[in-house]
Amino acid sequence: MSILILNIKQLLQVHETNVTLLKGEEMKTLTVLENAYVYLEHDTIIEYGEMEDYRTIEADTIIDATGKIVLPSWCDSHTHIVYAGNRTSEFVDRINGLSYAEIANKGGGILNSAKVLQDTSEDDLYDQSIARLNELIAMGTGAIEIKTGYGLTLEAELKMLRVIKRIKQESLAVITPTLLAAHAIPEDYKTKKEAYIKYITEQLIPEAAASNITHYIDVFCEEGYFDIKDTETILKAGQAHNLRPKIHVNQFNILGGIALGVKYNALSVDHLEELNENDIKALKGSDTIAVALPGCSYFLGISYTKARNIIDAGLPLAIATDYNPGSAPSGNMNFIVGAACVKLKLTPEEAINAATVNGAYAMGISNMYGSITRGKKANLLITKPMEHYSEIPYAFAHNPIEQVIINGQLLEA
Ligand code: NIG
Ligand code: FE
512 MSILILNIKQ LLQVHETNVT LLKGEEMKTL TVLENAYVYL EHDTIIEYGE MEDYRTIEAD
572 TIIDATGKIV LPSWCDSHTH IVYAGNRTSE FVDRINGLSY AEIANKGGGI LNSAKVLQDT
632 SEDDLYDQSI ARLNELIAMG TGAIEIKTGY GLTLEAELKM LRVIKRIKQE SLAVITPTLL
692 AAHAIPEDYK TKKEAYIKYI TEQLIPEAAA SNITHYIDVF CEEGYFDIKD TETILKAGQA
752 HNLRPKIHVN QFNILGGIAL GVKYNALSVD HLEELNENDI KALKGSDTIA VALPGCSYFL
812 GISYTKARNI IDAGLPLAIA TDYNPGSAPS GNMNFIVGAA CVKLKLTPEE AINAATVNGA
872 YAMGISNMYG SITRGKKANL LITKPMEHYS EIPYAFAHNP IEQVIINGQL LEA
């Protein structure tokens with residue numbers, strides 16, 4: 512199987528030497544080849560260059576990309592796409608003035624989704640989740656993180672992990688599973704949080720780690736959920752089982768979760784709608800990447816992450832969808848790239864870097880994904896005809912994607 516794409520108007524994110532992370536100033540540059548070609552064999556990027564240097568290459572499939580942009584597929588490093596049903600009734604409650612916290616306090620929110628998931632069969636959960644993923648692939652997502660966290664019992668969490676494993680086996684997309692060990696405190700444990708944390712550290716984490724499906728651990732570090740002490744206890748237990756943190760912090764309140772994440776060598780700290788100088792300081796010199804989720808800010812009407820402060824401090828930033836039924840029911844990375852420009856004040860170059868190389872870094876896969884580099888995996892997208900790549904974030908809520916190549920296979924969008 513080989514694919515040759517010719518006459519590409521702009522080939523983006525081209526790197527002769529592999530790139531695995533772009534920080535601060537580096538994010539301002541998006542490498543572009545004008546009037547280019549790229550050649551793929553099986554699942555690998557073999558060759559690329561400018562059309563004027565092109566010498567005939569035989570290929571099974573030849574695509575004429577005249578007037579179109581080609582770039583690495585989107586890398587969505589934070590999602591909760593394995594869930595059952597939806598929360599449209601809470602959506603209406605919020606329109607009528609209730610806050611996310613008020614809805615959660617009356618038994619809605621994560622507890623609502625957990626109840627539905629517990630009552631959903633494994634096959635049904637798989638069918639609902641893979642349908643979501645296929646829709647995202649058609650919109651250009653080629654690599655995606657998927658969290659557990661809507662189980663809240665050992666049985667339901669392991670069911671989620673098995674569903675993620677099955678998705679990983681069946682889908683062409685690259686899947687990074689994360690154990691969202693501590694997402695909410697179930698009703699029966701309301702007055703016994705310590706007992707619930709004990710269940711997480713002594714049962715859930717060891718069982719999940721033994722299944723070998725995931726290498727990452729997540730905690731919702733937030734008022735009314737898990738405080739700093741709880742988070743540290745859980746991260747420590749995760750560390751003992753070689754689970755690296757990718758954590759929810761600073762969504763509504765600053766509890767010190769960023770510094771804690773850095774202390775435990777988190778791969779990423781995600782949300783950061785609230786952010787202060789100490790948080791920025793904590794990130795400096797670390798291997799931890801900040802992940803902004805503008806779809807969540809949009810849907811809940813909360814602050815947007817001060818992404819400029821992060822990048823201007825010389826730090827790396829990734830952007831992701833947070834696709835979930837409660838705070839961000841969309842997994843469209845094209846919208847996220849647009850929202851990053853309009854709301855986070857990223858340039859198109861910064862936003863595309865944040866959604867490709869840096870998104871891949873936030874999943875621990877940027878050695879093989881996120882740029883057009885010889886030897887990297889053939890996960891690419893081809894846009895509809897456009898004058899310049901800036902039209903991707905500019906024309907918000909449009910679908911700019913025409914075709915996707917995922918793991919070396921061409922799919923029609
Ligand atoms: O990332 N904040 C925690 N978890 C999800 C939302 C969960 C839900 O409301 O179902 C998030 O926003
Ligand atoms: Fe999330």
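Its first residue numbered 512, the sequence shown is counted upward by one per residue in the working numbering. Glycine included, C-beta positions come from ideal geometry on N, C-alpha and C.
query	result
Tell me the DSSP bridge mates of C852?	Note: C852 sits in no beta bridge, so no partner.
Suppose the cutoff is 6 Å on Cβ atoms and the five residues either side in sequence are ignored; what does the same chain contact list for A547 look like?	I519, L522 and E561
Would DSSP call N518 helix, strand or coil?	strand
Any beta-carbon of chain C closer than 9 Å to the one on E601?	Included in the structure is just one protein chain, with no chain C present.
Taking the C-alpha atoms as reference points, what is the distance between Y707 and I893?	47 Å
Below 8 Å, is the gap between the Cβ of S779 and the nearest heavy atom of the ligand FE?	no
Just to check my reading of the structure: I686 and I655 have Cβ atoms closer than 8 Å, yes? What is that Cβ distance to the nearest angstrom?	6 Å
So, for S584: in the same chain, excluding its five sequence neighbours on each side, which residues have a beta-carbon less than 7 Å away from its beta-carbon?	G651, T652, G653, A654, N890, L891, L892, V915 and I917
For the alpha helix (DSSP H) that contains I822, what are its first and last residues?	A818 to D823
Between which two residues does the beta strand (DSSP E) harbouring C807 extend?	It is not in any beta strand (DSSP E) - C807 instead sits in the alpha helix (DSSP H) that spans P805 to L811.
Measuring straight from C-alpha to C-alpha, what distance separates V780 and F731?	11 Å
Under 8 Å, with one C-beta from each stretch per pair, do the region 872 to 884 and the region 844 to 860 reach the 3-pair mark?	no
Please state if the CB of R605 and the CB of N623 are separated by a distance shorter than 9 Å.	no
Just to confirm, is the Cβ distance from L828 to A770 under 9 Å?	no
In the structure shown, what three-state DSSP assignment does T894 receive?	strand
Compute the Euclidean distance between the alpha carbons of I912 and A748, then round it to the nearest angstrom.	42 Å
Between K534 and G825, which are expected to be in contact by the criterion C-beta below 8 Å, what is the C-beta distance as a whole number of angstroms?	6 Å
Assign L582 to one of two classes, buried (16 or more other C-beta atoms within 10 Å of its C-beta) or exposed (fewer than that).	buried
Measuring from the CB of L811, is there a heavy atom of the ligand FE at a distance below 8 Å?	no
So, L804 versus T832, is the Cβ gap smaller than 9 Å?	yes
I'd like to confirm something about N835: is its beta-carbon nearer than 8 Å to some heavy atom of the ligand FE, or not?	yes
What is the DSSP secondary structure of Q714, reduced to helix, strand or coil?	helix
If we count the other Cβ atoms within 10 Å of its Cβ and call it buried at 16 or more, is D587 buried or exposed?	buried
Return helix, strand or coil for D575, following the three-state DSSP convention.	strand
Give the C-beta separation of L690 and T664 to the nearest angstrom, bearing in mind that I take them to be a contact with Cβ-Cβ under 8 Å.	That belief does not hold up - the Cβ atoms of L690 and T664 are roughly 14 Å apart, past 8 Å.
Quick check: does the Cβ of L647 come within less than 8 Å of any heavy atom belonging to the ligand FE?	no
Check whether the Cβ of G596 sits closer than 8 Å to any heavy atom of the ligand NIG, and report yes or no.	no
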